[in-house]
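One structure is given below, encoded as structure tokens.
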Amino acid sequence: MAGPPLNLARSYMATAVVDGVIYAIGGDDWDGASLIAVDIVEKLDTANPVAWDDASVADLPLPCDENRAVGFDSTTLYYLAGTVVVAGCGQWSDELPESLLYDVASNTWDAAFPDLNDARRNHAGTFIPLGDGTDGLPGIWIWRGRQASDSTVLTTVEYYTVVPLSELTLSPRDQTIEANGTVSVTLNATNLSGADETFDLAYAGSATWTIDGPAAIFVPDGETISFVFTVVIPEDAACFAADEVEIVGTGQVSMFTDTVFATIRQFCPTGITVTILDANTGLGIPQAYIYMEKVDDDSVSEETFADNSGVFTITEVMTGTYYIVSSAQGYLFTPQVGGWPTATEQVTIDLGVVLSHDLTLDAPLMSWSENGFWETLPEGSQVTRTLTITNDGTSDLVYAIDTMENSEAPLVTPVAPWLSSSKIDPRILSDISASPEGTADFIIVMQEQADLRLAYGMADWNARGEYVYQTLAALAEQSQAAIRAELTQNGIEYRPFIATNGLLVRAGDMELANQMAARADVAFLMANDEVLLETFRPSVADQLSQQLLNMLTPITITWGVQAVNADDVWVDNGVLGEGIVVANIDTGVEWTHEALVNQYRGGVGDHDYNWYMPTSGCAGATEPCDNDGHGSHTMGTMVGSITPTDPLSDTNMAIGVAPGAQWIACKGCEGRGCSYEALLACGDWMVAPTDLNGENPDPSQRPHIINNSWGGGGGDF
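The sequence shown maps to residues 15 to 731 in our numbering.
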């Protein structure tokens, strides 16, 4: 039977298999005159061998051909479980000793893996596992090969030991904990000795800190048991003082032993606490924005918003001197008078110190001579009255006076426009200053926002969606018309948004930013920043511990499903989510994944109205893709199931809480970061999904539920 072709025809590639997935690694392309080493990596899932996939697997960090690779299944009892080792790397007609380690779970290559002793290509290699008729350790063997355009044939042999997990395994292997006071450390003990066993535990520290933990632990054969020991950090311990604790487990009968280490370090935060004060009242300014940038390295910056008391604290900051600026609605931007960075305050942050600092923002303070005037005027008469407006504040006052055309008109309380200086996101100034061209992309948010209250009373799904879309689109068209015309006249590119009534301006300078901020119909200007996805990747030891646990205690229902009792809803109510469409704004979705492909609303490939990539990130202009894995993970949490109609079957892993629902997606995160442009464009698309070209919006295709799992920490938007 013919299998699917590779995406790139090539020769002299390496292959490896991990968990039934074949990896085709590197190789040589032909340019018509010579062999050219390539860095592409493709994979083929033998459980669903539809096509080779090069979009969701990371390329090699360097071109590599004529090499050897070894794969280790995630269930193998080696520390290299779930990885691929590439030993040696040719680049015709040269050779390199470079060796690489690919971690399947994190989709990353590590060039720090030990290199070969001899540079070689076209060499032989294999892995000899534990217990294969030998008494020695398992390992990767590499022998022979060629050098110097085939003129030198090597006869040397190299060997790399692949350490097996022992009969007793303590994990994590090494961990470092920064804390204060009494620190609790959790370890796992796995018994693969062939019999139930009690293991004695011994603790030894490099310092004189108090260590307390169980003297022994009973572990049934084939199981993993957790235990906790504590370390007391003295109150007078110096900043960053540490105690390296050695933990040794020894079987009382078998005498099997294992040793791990845990480093406990006194935590001394390095950072700054700033209070943003109103220059007129001396009170804190709630939700003020703060931006810090290292004086000698503008790539190092911090930003946050103050709490409701006008206070914020940032820790884990690099030491050094920083520019610090702040802004808030109705207040003067701190360096407004002298400019950035000339008039900008500076603070110096030292190691192990949380600096306290106050920033004061100026603002106008208006008062007037009369509470108001009331006059009844006969037709044709005129009365002149004087109103004295006083500014007792610390910055200039800009005010507006509204009029009523007749006494029948309702009285509208005038809204004072924001000061231009307070309407500009300080990050725009930073971006423009850092740009060699003196320009930056920024977002104009309009003052007028749509009133959608009528939609809440509409029971008809299609009618409600059409009303919301038409209302948003009409307001954006009308309120943005003047700005769009001005930008077009000046040859400035822009991208309009309707859900957030605004526009993305491309390559605008400070003059344009000031012009836009001075407009009464503009609410504020926002930098085209990005939301960073939080990154958590377990250590190799943690992954191995989980792999052992999964082997010993197989499950068919993931903990997330159990935590919210979703499986009870499936069984007791017969509800799996049928008839509901969910969506995520994330890094994309690997739509051909076996746990997601059956729930994709686009079926076997109708991607119009089901997928949209508004900016960039992966080869997903025509079909869903995910170059990170975060979006596929969150979609799996919602609907993931190999057999969505029977998620509790023995052959299925119940991953998602609503396996009967369908999904669509918009790629709002280009990678580990999600640009504001992409997020706002995806927001528009969720209101009225479009075809792949972003045309022909249809609100009847919108989802019922949208998941935005890119917030938390500093990642709120």
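Where is the CB? At the ideal position from N, CA and C, for every residue including glycine.
CA-to-CA distance, residue 170 to residue 622, given in whole angstroms | 57 Å
Residue burial classification, residue 164 (beta-carbon count within 10 angstroms, cutoff 16) = exposed
For residue 205, the three-state DSSP class (helix, strand or coil) | strand
Exposed or buried, which one is residue 383 when buried takes at least 16 other CB atoms within 10 Å?
-> exposed
Start and end residues, alpha helix (DSSP H) containing residue 696 = 690 to 701
Best match in 459, 75, 196 for proximity to residue 227 [C-alpha to C-alpha] | 196
Could you tell me whether the Cβ atoms of residue 132 and residue 111 are closer together than 8 Å?
-> yes
Pull up the distance between the alpha-carbon of residue 673 and that of residue 640, whole angstroms please.
-> 20 Å
Give me the Cβ distance between residue 514 and residue 694, rounded to the nearest whole Å; I'm assuming they're in contact under 8 Å.
-> 5 Å
Enumerate in chain order the residues of its own chain whose CB-to-CB distance from residue 460 is below 7 Å, with the five nearest sequence positions on each side excluded.
-> 493, 494, 515, 516, 535, 536, 537
Alpha carbon to alpha carbon, how far is residue 403 from residue 397? Give it in angstroms, no decimals.
-> 19 Å
Could you check if residue 425 is buried or exposed, using at least 16 other CB atoms within 10 Å of its CB as the buried criterion?
-> Any reading at residue 425 is ruled out, since the residue's pLDDT is 39, under 50, leaving its predicted position unreliable.
Within this structure, are the beta carbons of residue 101 and residue 139 separated by less than 8 Å?
-> yes
Going by Cα to Cα distance, which pick from 186, 294, 280 is closest to residue 239?
-> 186
Collapsed DSSP secondary structure at residue 58 in the structure displayed = strand
Leaving out five residues before and five after residue 676 in sequence, what residues of the same chain have Cβ atoms less than 6 Å from its Cβ?
-> 595, 613, 615
Relative to the C-alpha of residue 380, which residue among 64, 410, 215 is closest?
-> 410
Ordered along the chain, which non-local residues of its own chain (more than five positions away) have a Cβ less than 6 Å from that of residue 626?
-> 680, 699
Grouping DSSP H, G and I as helix and E and B as strand, with all else coil, what is residue 82?
-> strand
Please look up how many angstroms separate the CB atoms of residue 652 and residue 631, rounded, as I've assumed it's under 8 Å.
-> Not really, about 21 Å apart at Cβ, beyond 8 Å.
Any chance the stretch 366 to 378 sits against the stretch 280 to 298, with 3 or more Cβ pairs inside 8 Å?
-> yes
Please classify residue 440: does DSSP put it in a helix, a strand, or coil?
-> helix
Hey, is the stretch 17 to 27 in contact with the stretch 60 to 71, meaning 3+ C-beta pairs nearer than 8 Å?
-> yes
Limits of the alpha helix (DSSP H) - the one that residue 648 falls within = 644 to 653
Using DSSP bridges, identify the partner residues of residue 368.
-> 285
Does the stretch 476 to 493 come close enough to the stretch 708 to 716 to have 3 or more Cβ pairs within less than 8 Å?
-> yes
I think residue 207 touches residue 182, with their Cβ atoms under 8 Å apart; what is that distance to the nearest whole Å?
-> 7 Å
Look at residue 608 and residue 61 and say whether their C-beta atoms are less than 8 Å apart.
-> yes
Would you mind listing the alpha helix (DSSP H) stretches within the stretch 499 to 543 that are 4+ residues and don't spill past its ends, in chain order?
-> 524 to 531
Please go through the same chain and pick out, in chain order, the residues whose beta-carbon is closer than 7 Å to the beta-carbon of residue 655, but skip the five residues on each side of it.
-> 609, 661, 666, 668, 669, 670, 673
Own chain partners of residue 419 with C-beta closer than 6 Å, once the 5 adjacent residues on each side are dropped | At residue 419, the pLDDT of 47 sits below 50, so the modelled position is not reliable; the number obtained from the coordinates is stated separately. Around residue 419: no qualifying Cβ.
For residue 601, which residues from the same chain have a beta carbon less than 6 Å from its beta carbon, with the 5 sequence-adjacent residues on both sides left out?
-> 640, 642, 644, 645, 683
Local conformation of residue 481 per DSSP, three classes | helix
Go to residue 280, then tell me how far its beta strand (DSSP E) extends in each direction, as first and last residue.
-> 271 to 280
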